[in-house]
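This report concerns only the one structure given below.
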Amino acid sequence: MRMVQLMLVILCTVVYCQASPLKLLSFNTRLTADELYTRSRFLKTVQTLKRLDADVLCLQEVWNDEHLFSLIEDLEWKFPFSYSFVHNVGGLLNEKLDLPNSKCSEKDGDRLLKCIKNNCLNSKDSEEFHSCYVNECNPFDLNLNEACRECTTLQIEACIKIMPQNVNKDRIMECLKQIKRPRGICSSRTIDTKANHGLLMLSNVPLNSQRRGIFTKDSLIARGFLEAKNNFGEKFVCTQMTTGRSSVYSETKTHFNNWYDLKESEVEQLVNMYSQSKQTYILGNFNVGPAMPSNGIKPYYSDLYKIMEDRGLENIIVREAGKCTLCANNELAKDDISNSYIVDGCILVNVDRCRLSNEVIFKENMLLNPRTRKHYPLSDHYATLSTFCDNLELFLTSSDDGSGSGGN
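If you count by mature numbering (1 follows the signal peptide of the UniProt record, and there is no 0), then the sequence shown holds residues -19 to -1, 1 to 389, one letter each, in order.
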């Protein structure tokens, strides 16, 4: 046995194995339906990720199937393994259409637009318009499929952002027509049309034992998680939890009455699933965070973060980086928020590796708006990069007991 372990040590010194340092990225890309320079940000995101030194990436808010497939294909040489809600049960990417289709049928799109035209265009402001959509033209009441419900709600939210104080009927209807077009937020690139829930996991090591799920049924925009293991039994979870920032509570078809109760349920589910887990790294946009007055960090549903922390799910970015990930001085976020928060990062559950560094990255203003001459970053959220030391003991143990042979 000693000779076998010695040979494994030698092997690990000459070829890459998971005993090497581990680098994990969490990044809310905000590749959504709004007009915040999405095309140029997407292209720059691909370029930036090509240069990134990391092993596992958890990307959130990749809502557009066009973007999701492009990220997988453009980065395949560096991150050959991927997982999302548009992958099939066996972990393979669903068959891709040669040309994109819309997640909403012509009939469904017409029915929704007609309802909005008949009921909501006389709204006095964006908040009243949003309430009308939720209460009078709810996609559940119109029997839209899950993928169509998700993308139409995202398009509605994007149209609301560009809405002036008074609702411009022509402008809002032109904006909403995007849901019927084969490109854009409702673009589908798979034969079996699915909601992608905005999540994409990329990796340079195989992703085995894959699992996924959503937190709350009957949600217009259902938040969820992706889970996979590497060949050495380490588990990676990629998630995004509900924001809960809108003044209009839109998830009225769930059994929750407000954002707080919905978010509390998500937190409880995450805690129950992973608080007793082993060798587990949870990456994502948690949308809860504590106050750090000395660092200018305001609380965001901080009592819900305390529940996570007390049960062993502490975001290591809070203590070890202490910098905002959703920041009031971010050119893409400042119109939506007036305070800075730590809501993104990495949670460790019974992990053996030591921590080397935790950084908040992608903070630079990389892109230029030719109209305003202002520069802006990749997203309204900054990314987090967590680096961990090698763990030869973990490698030797998994090789010795045979647990390194993962499967789907």
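From the three backbone atoms N, C-alpha and C, an ideal C-beta is built for every residue, glycine too.
| Query | Result |
| --- | --- |
| Pair within 8 Å by beta-carbon distance, Gln191 and Ala209 | yes |
| Rounded Cβ spacing between Pro358 and Asn311 (contact assumed at less than 8 Å) | 6 Å |
| Whether Cys305 touches Tyr322 by CB criterion (8 Å) | yes |
| Cα-Cα separation, Val(-11) to Cys370 | Any reading at Val(-11) must be qualified, since the residue scores a pLDDT of 43, below 50, and its modelled position is unreliable; no value is offered. |
| Under 8 Å between C-beta atoms of Thr365 and Asn346 | no |
| According to DSSP, residues forming a beta bridge with Val218 | Glu208 and Ile263 |
| Distance, Gln260 Cα to Gly214 Cα | 7 Å |
| For Cys327: DSSP bridge partner residues | Leu264 |
| Segments assigned alpha helix (DSSP H), at least 4 residues, entirely inside the region 81 to 115 | 87 to 100 |
| Distance, Arg22 Cα to Leu(-9) Cα | Because Leu(-9) sits at a pLDDT of 46, beneath the cut-off of 50, its placement in the model cannot be relied upon, and the point is left open. |
| Contact between the region 160 to 172 and the region 66 to 84 (3+ Cβ pairs under 8 Å) | yes |
| Buried versus exposed, by CB contacts within 10 Å (16 or more), Trp240 | buried |
| Helix, strand or coil at Lys59 [DSSP, three-state] | coil |
| At least three beta-carbon pairs within less than 8 Å, the region 140 to 160 to the region 20 to 38 | no |
| Cβ neighbours of Pro2 in the same chain (closer than 7 Å, five flanking residues each side left out) | Leu337, Thr368, Phe369, Cys370 and Asp371 |
| C-alpha gap between Leu294 and Lys105, whole angstroms | 43 Å |
| Reference Ser65; option with closest CA among Trp58, His48 and Pro81 | His48 |
| Cα-Cα separation between Glu301 and Met289, rounded to whole angstroms | 17 Å |
| Runs of beta strand (DSSP E) wholly within the region 284 to 354 (minimum 3 residues, chain order) | 325 to 330 and 336 to 342 |
| Residue range of the beta strand (DSSP E) that includes Cys39 | Val37 to Val43 |
| Span separating the alpha-carbon of Val218 from that of Phe267 | 12 Å |
| Inter-residue Cα distance where the pair is Cys(-3) and Ser256 | Confidence at Cys(-3) is low in this model, with a pLDDT of 45, below 50, so the placement of that residue is unreliable and no value is reported for it. |
| Span separating the alpha-carbon of Leu348 from that of His356 | 5 Å |
| The region 179 to 191 / the region 43 to 59 touching (three or more Cβ pairs under 8 Å) | yes |
| Distance between beta carbons of Lys84 and Cys118, contact taken as under 8 Å | So it is not a contact: roughly 17 Å between Cβ atoms. |
| Presumed contact (8 Å Cβ cut-off) between Asn331 and Tyr18, rounded CB distance | Asn331 to Tyr18, Cβ: 41 Å. No contact. |
| Residues near His68 in its chain [Cβ-Cβ closer than 6 Å; skip 5 each side] | Leu74 |
| Length of the line joining the Cα atoms of Arg354 and Lys25 | 17 Å |
| Inter-residue spacing [alpha-carbon to alpha-carbon] between Asp34 and Leu6 | 9 Å |
| Reduced DSSP category for Gln191 - H, G, I as helix; E, B as strand; rest coil | strand |
| Through-space distance from Asp361 to Ala309, alpha-carbon basis | 9 Å |
| Asp89 classed as buried or exposed, judged by whether at least 16 other C-beta atoms fall within 10 angstroms | buried |
| Burial state of Glu131, where buried means 16 or more other Cβ atoms lie within 10 Å | buried |
| Proximity below 8 Å, CB of Gln136 to CB of Leu157 | yes |
| Below-8 Å beta-carbon distance, Gly277 vs any chain D residue | The chain inventory of the structure shown lacks chain D, comprising one protein chain alone. |
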